[in-house]
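Colleague: Residue numbers (this note's numbering): 442 to 860.
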Amino acid sequence: MTTKKNFGDIFENMLNHPTFDIDEQFRPCISMLMNDERANAKEIHQKLMAIKQFLSEYEINATVKSYTRGPVLTRFALTFEGSPQIGLIQVNIDKLEKKLKGCRFSSRYVCKGKFEGGREYFLDVPNQHREIVRLEDVIRTSEYSNSKAILPMCLGVNAAGAPVVADLASAPHILIGGYSFNVIHSMLVSMLLKKSPDELRLVLADSKGFSFSEYECLPHLLTPVVRDREELLKVLAWLKAEQERRYRIFSLLEKSGIENLNEFIVSEKDHGRKIYLPNSESEDITDEIEPLPYIAVIIDDYSFFRKGHLGDISDRMFFRKISDLAQKGKGSGIHIILSTSDFSDENLNQDILLNMPSRMVFKVDNSAQSRMIIDENGAESLMGYGDMILRYQKLNDFEPFRVHGAYVDTDDIHYIVES
C-alpha cells in the first residue's frame, strides 16, 4: 500500500547537502538493515513453523499448501489428507492462538475450493506490523476505475490484499452491525467520485448529530441531513410516494425498472427523440421524462430513530416504513443502508433482517451478536479498526468473507464535497 505523504524531497535534500562528512571506510553497509521483505519472510517462517508444530503435536492430518500475505494478516491454506479433522482443530485452536497471538481458523465464511479430491481451509494470522488500508489506494485500482457497477463502493481489501468493490444497486440494501462509520464514509466518497447529482441523490440520517456534518453542503442531498426522528418518518413517507410514482412511470412506458428505463431514455435522446408519458392524468408526473437518479438512504445507528413520543406506535411506524420501502427498492432505484450497534431482538426484528440481504459486521462482543448479522460465528474474533466480515449479493457467491475496511481522512472528505 502507498503512504499518503511523500518525503522524497526531504530525503533528497539531506543526501545532497550533508551537515558533516564521514569517511567512506566507517560507513556501515545499507544491506545490514532489516528491510520489509526480509522482515516479512522471517515472520512468515516463524508462523509456518508454529503451525506445522501444532498440526504434528495434535496429530492433525493436514499440511500447509500455500500462504498469502495481505496488509493486515497472512492466510495459510491447509490441505487435509482424507477426511478433514475440523473438530480437532477447532477444539485446540486456542493453543495455536497463544503461539500466534490472534490466529483464527476459517472454514465457512471464506471461499472453499476443491484441491486434489479434498478441501482447502485457512488459518488467518495477524501480521506483526499492520498496514493501513487507505481509500485512495483502492480507488486507484482497476477494480474501481474499470468497474461496471451502477453505484460502485470501495469497501477495502480482502485477506489477500485484493480490492473489494461492491455495487450498492445489487445489494440492494445493506445492514451493518458494529462500529463502522469510517467505512460508511468510504462508501459515500467512492460513489460521489463516480456519480453526479443527476445520477445519484442522497438521504443521510444522523443519530449522533455530527456523523454526516461534512456533507451538509453536498449538492447530492435530497434534504438537509436528518437528525430528528419525526422528520425522518416524513422523509420515508415522501420516499415511498416517490417510489410509487416511479413504478407508475415504469408501467406507462412498459419498462421493468429504473435501469431499463434510463437506458431507454438515453438511447432515445441520442437519436434526438424526447420521451413523454402516454395518457398521464397525474399532476405530479411531468409529460417529458428525464433519466431518474438513484437514491441512497443511509441511516446511522437507526435504533435512535425508532421510538418517538408515541412509544411502540412510533416503533412500528418506523419498521413498517423501512420494510415497505425496501421491498420494492431495487426496481425503483432506492437503496437503504442501515447501521446499528444494538443487537437486541426488538431492534433486529424480522422486518429488518428479511429486507436487508447484504450484511457487514465489525468486531462484536460475542458470537450471538455475530450470528444476528451474518448467521455465523466469527465477528467476535475480529481485530477491530475496520476489520469486518462481509456477506454481499453478487460477491463471493453470497458467502461471508473477510474484508479490511478502507480508511478515508476527514480532510479528504472535505476536499471531495467542496469540489
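Cβ atoms here follow ideal geometry from the backbone N, Cα and C, with glycine treated the same way.
If you're wondering where the values come from, they're calculated on a predicted model, not measured in any experiment.
#1: On the three-state DSSP scale, how would you describe L609?
#2: Relative to the C-alpha of F622, which candidate in D742, K771 and I830 has its C-alpha closest?
#3: Using the Cα positions of A607 and Y735, report the straight-line distance between them to the nearest angstrom.
#4: Go to R843, then tell me how far its alpha helix (DSSP H) extends in each direction, as first and last residue.
#5: Straight-line CA distance for K762 to I777?
#6: Assuming L663 and Y656 make a contact with CB atoms under 8 Å, what is their CB distance in whole Å?
#7: In the DSSP assignment, find the unbroken alpha helix (DSSP H) run with L633 in it and report its ends.
#8: Can you tell me whether DSSP reads V858 as helix, strand or coil?
#9: Would Y499 and L529 be called neighbours here (beta carbons separated by less than 8 Å)?
#10: Counting C-beta neighbours from all protein chains within 10 Å, is the total for S497 16 or more, i.e. buried, or is it exposed?
#11: Between A809 and N818, what straight-line distance do the alpha-carbon atoms span, to the nearest angstrom?
#12: What is the DSSP secondary structure of L662, reduced to helix, strand or coil?
#13: Report yes or no: do the segment 818-827 and the segment 837-855 share at least 3 C-beta pairs separated by less than 8 Å?
#14: Less than 8 Å between the CB atoms is what I'm expecting for L779 and L616, so what's the real figure, rounded?
#15: Starting from S785 and walking both ways along the beta strand (DSSP E), at which residues does that stretch end?
#16: Does the distance from the CB of I869 to the CB of E695 come in under 8 Å?
#17: Please report the straight-line C-alpha distance between R581 and Y856, rounded to a whole angstrom.
#18: Select from R571, Y620 and K636 the residue whose C-alpha is nearest the C-alpha of D588.
#19: Which residues mark the beginning and the end of the alpha helix (DSSP H) in which F517 is found?
#20: Quick one, are the C-beta atoms of G415 and L733 less than 8 Å apart?
#21: Got a sec, what are the start and stop residues for the alpha helix (DSSP H) D792 sits in?
#22: Do S697 and K835 have their beta-carbon atoms positioned less than 8 Å apart in this structure?
#23: Compare the Cα-Cα distances from N837 to each of M628, P604 and K649 and report the closest residue.
#24: Between which residues of its own chain and G770 is the CB-CB distance below 7 Å, once the five residues before and five after are set aside?
#25: Under a three-way DSSP split, which group does T851 fall into?
#26: Mapping DSSP to helix, strand and coil, what is N476?
#27: Measuring alpha carbon to alpha carbon, tell me which of Y562, V624 and H486 ends up nearest Q569.
#28: Ignoring anything shorter than 3 residues, give me the beta strand (DSSP E) runs that lie fully in the segment 803-842, in order along the chain.
Modeller: According to the structure data:
#1: The answer is helix: DSSP assigns L609 an H, G or I state.
#2: Taking only the C-alpha atoms, the option nearest F622 is D742.
#3: Taking the straight line from one Cα to the other gives about 16 Å.
#4: Counting along the chain, R843 sits inside no alpha helix (DSSP H); it lies in the beta strand (DSSP E) bounded by residues F842 to G846.
#5: About 12 Å.
#6: Actually they are not in contact, since the Cβ atoms of L663 and Y656 sit about 12 Å apart, beyond 8 Å.
#7: From DSSP, the alpha helix (DSSP H) with L633 extends over F622 to L633.
#8: It is helical.
#9: L529 is positioned such that its CB atom lies closer than 8 Å to that of Y499.
#10: Exposed is the call here.
#11: Approximately 7 Å, taken between the alpha carbons.
#12: Here L662 sits in strand by DSSP.
#13: By the Cβ test, the segment 818-827 is in contact with the segment 837-855, since at least three Cβ pairs between them sit closer than 8 Å.
#14: In this structure L779 is in contact with L616, their Cβ atoms being roughly 5 Å apart against a cut-off of 8 Å.
#15: It is not in any beta strand (DSSP E) - S785 carries neither H nor E in the DSSP assignment.
#16: Outside the modelled stretch of the chain, which goes from 442 to 860, sits residue 869, for which no answer is possible.
#17: Using only the alpha carbons, I get a separation of about 17 Å.
#18: One detail in the question is off: residue 588 reads as Ser in this sequence, not Asp. Considering only R571, Y620 and K636, the residue with the shortest C-alpha distance to S588 is K636.
#19: Taken as a continuous stretch (DSSP letters only), F517 belongs to no alpha helix (DSSP H), being part of the beta strand (DSSP E) at L514 to F521.
#20: This structure gives no information on residue 415, because the portion of the chain shown stretches from 442 to 860.
#21: Segment Q791 to N796, the alpha helix (DSSP H) holding D792.
#22: In this structure, K835 lies away from S697, with their beta-carbon atoms at least 8 Å apart.
#23: Comparing Cα-Cα distances from N837 to each of M628, P604 and K649, the minimum goes to P604.
#24: Closer than 7 Å at Cβ, skipping near neighbours: P613, H614, H776 and I777.
#25: Helix, per DSSP.
#26: Note on N476: pLDDT 43, under 50, position unreliable in the model; the coordinate value appears next. In the displayed model, N476 falls within coil according to three-state DSSP, outside both helix and strand.
#27: Relative to the Cα of Q569, the nearest Cα in the group Y562, V624 and H486 belongs to H486.
#28: The DSSP assignment places complete beta strand (DSSP E) segments of no fewer than 3 residues inside the segment 803-842 at 828-832, in order along the chain.
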